[in-house]
Structures are given as C-alpha cells and as structure tokens.
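Residue numbers (our numbering): 473 to 591.
Backbone N, C-alpha and C define an ideal beta-carbon position, used for all residues, glycine too.
Below: one structure, written as structure tokens.
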Amino acid sequence: MSIPNYKLRAYFDRYTYNVGFEHGTTSLCQAYNKCSDEKKRIWQDIKKDCVNNEGRFLSIISYNQKYFTAGYFFIKDKEFYFKLFLPSGTGILHLGSNDKIELKRQGMLDNSTGELYGY
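Dropping the structure here:
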C-alpha cells in the first residue's frame, strides 16, 4: 500500500525530532520490555532492509502494544531519502534542501561536508 506524501512528511518531522540531538535512535528492545516474535521478525526485516540500502539512524518512531513505526535515512545517487515502515506498508520520501537544513539543525548532517554522520 502506498503511503501518502503528507503522512510521510509528518512521520519525517516526528523522526527528525526524536532522533536529533535531543533523543537519539530507539531500538525495538528500548521501546518494548518484552515483545512478540512477530515484532522481532518485522524488526529484523527492517534492519536487513536498512543494511541493504546502506541506511543510517534506524529508529522506532512511535509504538503501542499492537504496532510500531520505524524509519531510516539513506543516500542513493547523491540524493537523500527517508524510508518509513508502517503496519500498513512502506514509503520513501525524497528529501530536498529545506529537509537537509533541518537535518543539520538537528545534528544529523555534518555541516562541513553535507553528509550524514556515519558515512
């Protein structure tokens, strides 16, 4: 199922607030004291996707007893992208120059090189 752009944008904004200097990334184990095998399997699939795309800053964005959302950044052909995982599907948001300014402000993008930290 395709995720509408406005929803991707809303989760991107929440993600940058959560993962920026203020808080850092959140793993599945940090979000849940105990979680089901299904949640663990889904998290492993998301981690594998992140590794395959050479992603950075994989983090849980929101969670409750039933579901969680997660996202990460990746670079492809020198363009920045945010990938979102919802219970209803996945989506990719292409990031523009204003988004890069926000990433710099949050301390996730190196001011001198313009690259994501960790690359």
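Given Gln537 as reference, the closest of Tyr483, Ser508 and Leu565 once Cα atoms are compared:
Locating residue 537 in the sequence shown gives position 65, where the first residue counts as 1. Checked all of Tyr483, Ser508 and Leu565; the closest Cα to Gln537 is Ser508.
Am I right that Glu526 and Phe554 are in contact with their C-beta atoms under 8 Å? What's the rounded C-beta distance?
The residue you call residue 526 lines up with position 54 of the sequence shown. The residue you call residue 554 lines up with position 82 of the sequence shown. Actually they are not in contact, since the Cβ atoms of Glu526 and Phe554 sit about 14 Å apart, beyond 8 Å.
Count the other CB atoms within 10 Å of the CB of Tyr487; is the residue buried (16 or more) or exposed (fewer)?
As a working note, residue 487 is residue 15 in the sequence shown. Looking at its Cβ environment, which holds 16 or more other Cβ atoms inside 10 Å, Tyr487 is buried.
Tell whether a beta-carbon distance below 8 Å holds between Lys511 and Phe557.
Locating residue 511 in the sequence shown gives position 39, counting from the first residue. Locating residue 557 in the sequence shown gives position 85, counting from the first residue. Not in contact: Lys511 and Phe557 (Cβ atoms no closer than 8 Å).
Residues bridged to Gly563 [DSSP beta-bridge criterion]
Taking the first residue of the sequence shown as 1, we reach residue 563 at position 91. Beta-bridge pairing links Gly563 to Leu556.
Please report how far the alpha carbon of Gly492 lies from the alpha carbon of Lys576, in whole angstroms.
As a working note, residue 492 is residue 20 in the sequence shown. As a working note, residue 576 is residue 104 in the sequence shown. Roughly 9 Å separates the two Cα atoms.
Neighbour-count burial assignment, Gly496, 16 or more Cβ in a 10 Å radius
Taking the sequence shown and counting its residues from 1, one reaches residue 496 at position 24. Gly496 is exposed by the Cβ-count criterion.
Can you list, in chain order, the residues of its chain with a C-beta nearer than 8 Å to that of Gln502? Leave out the 5 residues immediately preceding and following it.
Within the sequence shown, the letter at position 30 stands for residue 502. Closer than 8 Å at the Cβ level, and outside the excluded window around Gln502, lie Ile532.
Quick check: the Cα distance between Leu480 and Ile564, rounded to an integer number of angstroms?
For this step, residue 480 is matched to residue 8 along the sequence shown. For this step, residue 564 is matched to residue 92 along the sequence shown. Rounded to whole angstroms, Leu480 to Ile564 spans 7 Å at the Cα level.
If we ignore side chains and look at the alpha-carbon of each, how far apart do Asn570 and Asn477 end up?
Position 98 of the sequence shown holds residue 570. Position 5 of the sequence shown holds residue 477. Straight-line Cα distance between these residues: approximately 16 Å.
Could you check what DSSP says for Thr541 in three-state terms: helix, strand or coil?
Locating residue 541 in the sequence shown gives position 69, where the first residue counts as 1. Residue state, collapsed to three classes: strand.
Are the beta-carbon atoms of Gly561 and Ile475 separated by less than 8 Å?
Within the sequence shown, the letter at position 89 stands for residue 561. Within the sequence shown, the letter at position 3 stands for residue 475. Yes; because the gap between Cβ atoms is below 8 Å, this pair is in contact.
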